[in-house]
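S.K.:
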Amino acid sequence: MLVLLDRDGVINEDRPDFVKSPDELIFIPGALEAITRLKGNGHIVAIVTNQSCIGRGIITPETLFNIHEKLLGNIRKMGSDIDHIFIAPDAPWEATENRKPGCGMMKAAMTMFSEKPKNTVLIGDSQTDLQAATKAGCHRILVRSGKGAKTQANGIPSDLLPVSVARDLTEATDYILNGRFS
Numbered sequence: 000m001l002v003l004l005d006r007d008g009v010i011n012e013d014r015p016d017f018v019k020s021p022d023e024l025i026f027i028p029g030a031l032e033a034i035t036r037l038k039g040n041g042h043i044v045a046i047v048t049n050q051s052c053i054g055r056g057i058i059t060p061e062t063l064f065n066i067h068e069k070l071l072g073n074i075r076k077m078g079s080d081i082d083h084i085f086i087a088p089d090a091p092w093e094a095t096e097n098r099k100p101g102c103g104m105m106k107a108a109m110t111m112f113s114e115k116p117k118n119t120v121l122i123g124d125s126q127t128d129l130q131a132a133t134k135a136g137c138h139r140i141l142v143r144s145g146k147g148a149k150t151q152a153n154g155i156p157s158d159l160l161p162v163s164v165a166r167d168l169t170e171a172t173d174y175i176l177n178g179r180f181s
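According to numbering that gives the first Met the number 0, the sequence shown is numbered sequentially starting from 0.
1) Counting only runs of 3+ residues fully inside the segment 59–146, write out the beta strand (DSSP E) ranges in chain order.
2) Would you mind sorting LYS117 into buried or exposed? The rule is 16 or more other CB atoms within 10 Å of its CB.
3) Assign ILE43 to one of three DSSP states: helix, strand, or coil.
4) Please identify the residue among THR150, GLY29, ASP173 whose C-alpha is closest to the C-alpha of ASN40.
5) Would SER125 and THR95 be called neighbours here (beta carbons separated by less than 9 Å)?
6) If you draw a straight line from the alpha carbon of HIS138 to that of ILE58, how long is it in whole angstroms?
7) Can you round the beta-carbon distance between LEU3 and THR119 to whole angstroms, since I take them to be within the 8 Å contact cut?
8) Can you tell me whether SER51 is helix, strand or coil according to DSSP?
9) From the DSSP output, in three-state form, read off ASP173 for me.
Pasting the structure below:
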């Protein structure tokens, strides 16, 4: 199965002012271990992340590369890896289909890994994550970490259902490994 992960709020703490340096990338407890479990069970794991901080001129692509090197370095220390990181650097006012709620990154991932939507799940914490996955035809898991609790409290529109809801990436991983998700 292809497992697509939003980054901020799923793997690392979400910041209202963006992750602007490797030092500001703070991992959610258990997230790296969950990724390691997914990979250890034969799943393809890719990140699909909006990073408008580039399009807004807040950080450079090189800074984002360094932030992701910290993420990858920590995963590799655990004997695991991420198969690919898809980035939508678009500012909201210059959004392309890659920027969620567009589904460009999801479609690119399914093409890269020759996977069908029915064998793909997106784990995210926002309505835009769910919208992108719905447009791509993927399964959806909302985590309550990051913005997820607020997203759930605001109500999930019926056109985005079914959506499984998990406490965090650890519980979402349990759902995938046990085949218990929508």
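Glycine residues also receive a C-beta, built at the ideal position from the N, C-alpha and C atoms.
M.R.: On the basis of the data shown:
1) List check, beta strand (DSSP E) in window: 83–87, 119–123, 138–142.
2) Flag for LYS117 reads exposed.
3) Judged by DSSP in its simplified three-state form, ILE43 adopts strand.
4) Residue nearest to ASN40 within the set THR150, GLY29, ASP173 is ASP173 (criterion: CA-CA distance).
5) No.
6) The alpha-carbon separation between HIS138 and ILE58 amounts to approximately 32 Å.
7) Contact holds; Cβ gap of about 7 Å.
8) Note: SER51 maps to helix in three-state DSSP.
9) If DSSP states are grouped into helix, strand and coil, ASP173 belongs with the helices.
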